[in-house]
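Participant: Numbering-wise, the numbering used here puts 246 at position 246 of the sequence shown, and it's gapless, one number per residue.
Encoded as structure tokens, here's the structure I'll be asking about.
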Amino acid sequence: MGVSKQILITGGAGFIGSHVIRQFVFNYPEYQIINFDKLTYAGNLENLLDLESLPNYTFFKGDITSTKDLATVFSKYNIDNVIHLAAESHVDRSIENPNVFVETNVTGTVNILNQCLKSWSNDIAEHVFYHISTDEVYGSLGNTGLFKETTNYDPKSPYSASKASSDHFVRAYANTYKLPVKISNCSNNYGPNQFPEKLIPLCINNIKNNKSLPIYGAGLNIRDWLYVEDHAKAIDTIFHTGKIGETYNVGGLNEWTNIDLVKKLCQVMDNALGQQNGTSEGLITYVEDRKGHDLRYAIDATKLSNELNWKPAETFETGILKTVDWYLRNDAWLNNVVSGEYVKYYAEKYS
Ligand code: NAD
Ligand code: TYD
1 MGVSKQILIT GGAGFIGSHV IRQFVFNYPE YQIINFDKLT YAGNLENLLD LESLPNYTFF
61 KGDITSTKDL ATVFSKYNID NVIHLAAESH VDRSIENPNV FVETNVTGTV NILNQCLKSW
121 SNDIAEHVFY HISTDEVYGS LGNTGLFKET TNYDPKSPYS ASKASSDHFV RAYANTYKLP
181 VKISNCSNNY GPNQFPEKLI PLCINNIKNN KSLPIYGAGL NIRDWLYVED HAKAIDTIFH
241 TGKIGETYNV GGLNEWTNID LVKKLCQVMD NALGQQNGTS EGLITYVEDR KGHDLRYAID
301 ATKLSNELNW KPAETFETGI LKTVDWYLRN DAWLNNVVSG EYVKYYAEKY S
């Protein structure tokens with residue numbers, strides 16, 4: 001089959017990126033998908049082992065903070081479109097070390113934008129730069145209201161400030177240089193392949209190992225959870241049918257306080273492990289709150305559902321069962337990730 005498009009997906013070895021790569025590689029054999037990833041602690045090629053032999057998938061180890069790496073990948077392939085997911089993504093790490101978030105999320109994004117301008121200067125209108133962002137750029141909600149595409153930006157953590165900055169650069173390049181762009185801002189994702197520093201996989205791993213489940217503060221902060229494959233499908237929909245220059249919010253109308261979410265997860269884990277109900281809940285431990293902890297995120301995805309006809313396929317009931325089932329079946333993945341084995345292995349393989 002001839003190749004109709006070459007698409008560079010950055011951050012494809014990470015949690016959401018690996019699902020986006022699968023969505024595109026399996027559904028569009030006519031596209032050549034190039035996964036550009038630095039393989040930080042969060043990037044794991046084990047997420048994509050079954051794709052390695054497929055003709056329409058290629059991995060390129062590269063760093064978005066390196067203009068040389070970007071120039072190399074753009075000269076090696078005729079990149080038609082970019083879907084940009086590579087980022088530092090964990091709020092707690094951003095509080096500990098903000099600078100790497102500026103380097104990767106802001107400077108890295110600007111580097112790719114510059115490379116796109118350079119490589120696409122003759123026919124810029126034929127290309128698309130699609131930027132994947134987060135609802136956290138809108139800041140924190142009180143007990144009511146939802147984030148809309150028109151909500152003012154008000155980021156409150158170093159992570160969200162770096163993502164907001166990258167969104168602004170993308171829009172500035174669209175306005176100044178007429179780069180065709182799309183942006184989507186999604187709520188919290190959960191599902192297979194998520195690094196166990198984030199709430200849901202951390203709790204699954206800790207329950208498995210009979211370790212405590214740390215709940216920040218009173219556990220009353222609220223997040224709006226979406227199953228990761230539904231996000232990957234939304235990205236597919238926006239890539240193919242979204243309008244140039246538009247922003248789309250992605251979310252599943254699925255709000256949970258952290259404590260209720262963890263209690264629900266405990267029930268599902270007890271069932272899956274054949275334990276008495278209540279066993280896992282006994283591991284819940286309240287710990288010091290996160291600094292500047294955003295109270296509530298909640299997305300209004302009406303624009304995406306009305307204009308592009310996207311709806312999540314999973315309910316939280318089905319999504320959390322699939323997630324727990326995946327983590328329990330993929331012991332080796334979890335153990336490698338926790339022990340850092342895969343980082344060592346791929347550092348040697350691609351050194
Ligand atoms: P992740 O941390 O799991 O993966 C990030 C990936 O980017 C990794 O594979 C990593 O190796 C790669 N990467 C990091 N720095 C790089 C660099 N300098 N050069 C090349 N590659 C680099 O992140 P995720 O949760 O999959 O998030 C992906 C994107 O989606 C991010 O842009 C994030 O802001 C956004 N997002 C995430 C969520 C969520 O709930 N996880 C929600 C909304 C939006
Ligand atoms: P997280 O998964 O880090 O995502 P984000 O900060 O991007 O929303 O955290 C989800 C929520 O869970 C957030 O309110 C912080 C809270 N949390 C805990 O209570 N304990 C934990 O150990 C972690 C990692 C998060």
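A virtual CB, placed ideally from N, CA and C, is assigned to each residue, including glycine.
1) Name the DSSP beta bridge partners of C186, please?
2) Compare the Cα-Cα distances from T315 to each of K148, S351, W225 and L117 and report the closest residue.
3) To which residues of the same chain is F195 closer than 6 Å at the C-beta, ignoring the five residues directly before and after it?
4) Whose C-beta lies closer than 7 Å to the C-beta of V110 among residues of the same chain, with five residues either side of it excluded?
5) Starting from the Cα of L45, find the closest Cα among T247, A301 and H19 and give me that residue.
6) Note down, in chain order, each residue of its chain lying with its Cβ closer than 6 Å to the Cβ of R223, except the 5 sequence neighbours on either side.
7) Just to confirm, does N99 get its C-beta within under 6 Å of one of the non-hydrogen atoms of the ligand TYD?
8) May I ask you to report which of helix, strand or coil DSSP gives E314?
9) Taking H240 as part of the beta strand (DSSP E), name the residues at either end of that continuous run.
10) Does the distance from the C-beta atom of Y159 to that of F101 stay below 7 Å?
11) Using DSSP bridges, identify the partner residues of K10.
12) Can you tell me whether DSSP reads F169 as helix, strand or coil?
13) Using 8 Å as the threshold, is the segment 281 to 301 in touch with the segment 335 to 351, meaning 3 or more CB pairs across them?
14) From this set, E255, K61, S305 and N185, which residue's C-alpha is nearest T241's C-alpha?
15) For a test of the three-state rule: what should DSSP assign to T150, helix, strand or coil?
16) Could you spell out the range, first to last residue, of the alpha helix (DSSP H) harbouring F101?
17) What separation, rounded to the nearest whole angstrom, lies between the Cα atoms of S121 and E103?
18) Quick one: using the 10 Å Cβ neighbour count with 16 as the cut-off for buried, is Y350 buried or exposed?
19) Do N249 and I299 have their C-beta atoms closer together than 7 Å?
20) Rounding to the nearest angstrom, what Cα-Cα distance links T40 and V268 in this structure?
21) Can you list the beta strand (DSSP E) stretches of 3 or more residues lying completely in the segment 49 to 76, in chain order?
22) One question on the structure: do I238 and K182 come within less than 7 Å of each other, judged by their Cβ atoms?
23) E281 lies in the beta strand (DSSP E); which residues open and close that run?
24) Using the beta-carbon count (16 or more within 10 Å), is F26 buried or exposed?
25) Given that a residue counts as buried once 16 or more other Cβ atoms are within 10 Å of its Cβ, and exposed if not, what is E136?
26) Rounding to the nearest angstrom, what Cα-Cα distance links S184 and I132 in this structure?
27) What are the boundary residues of the alpha helix (DSSP H) that I21 is part of?
28) Any heavy atom of the ligand NAD within a distance shorter than 6 Å of the CB on D230?
29) Short check: CB of N221 to CB of L295, under 7 Å?
30) Please state the DSSP three-state secondary structure of R329.
31) Please find out if some non-hydrogen atom of the ligand TYD comes closer than 6 Å to the beta-carbon of V137.
32) Go ahead and pull the three-state DSSP assignment for Y297.
33) Taking only the alpha-carbon atoms, compute the straight-line gap between E341 and I215 and give it to the nearest angstrom.
34) Can the beta-carbon of S157 be found closer than 7 Å to that of V91?
35) Do you know how far the Cα of F24 is from the Cα of D236?
Facilitator: So, to answer that:
1) Partner(s): T134 and V250.
2) Of K148, S351, W225 and L117, the smallest CA-CA separation from T315 is found for W225.
3) Residues A42 of the same chain have their beta carbon placed closer than 6 Å to that of F195, with the five preceding and five following residues left out of the count.
4) F169
5) H19
6) N188 and Y297
7) Answer for N99: no, Cβ out of range of the ligand TYD.
8) coil
9) Note, H240: premise wrong, no beta strand (DSSP E); alpha helix (DSSP H) at V228 to T241.
10) yes
11) Lys is not the amino acid found at residue 10; the sequence shown has Thr there. Per DSSP, F36 and H84.
12) helix
13) No, they do not touch.
14) Comparing Cα positions, the closest option is S305.
15) coil
16) Following the DSSP letters along the chain, one finds F101 inside the alpha helix (DSSP H) bounded by residues P98 to F101.
17) 25 Å
18) exposed
19) yes
20) Here the alpha carbon of T40 sits roughly 31 Å from the alpha carbon of V268.
21) 57 to 61
22) yes
23) Where E281 is concerned, there is no enclosing beta strand (DSSP E), given that its DSSP letter is neither H nor E.
24) exposed
25) buried
26) 5 Å
27) F15 to N27
28) Flag unset: Cβ of D230 not near the ligand NAD.
29) A contact, by the Cβ cut-off of 7 Å.
30) It is helical.
31) no
32) coil
33) Using only the alpha carbons, I get a separation of about 28 Å.
34) In contact: S157 and V91 (Cβ atoms closer than 7 Å).
35) 7 Å
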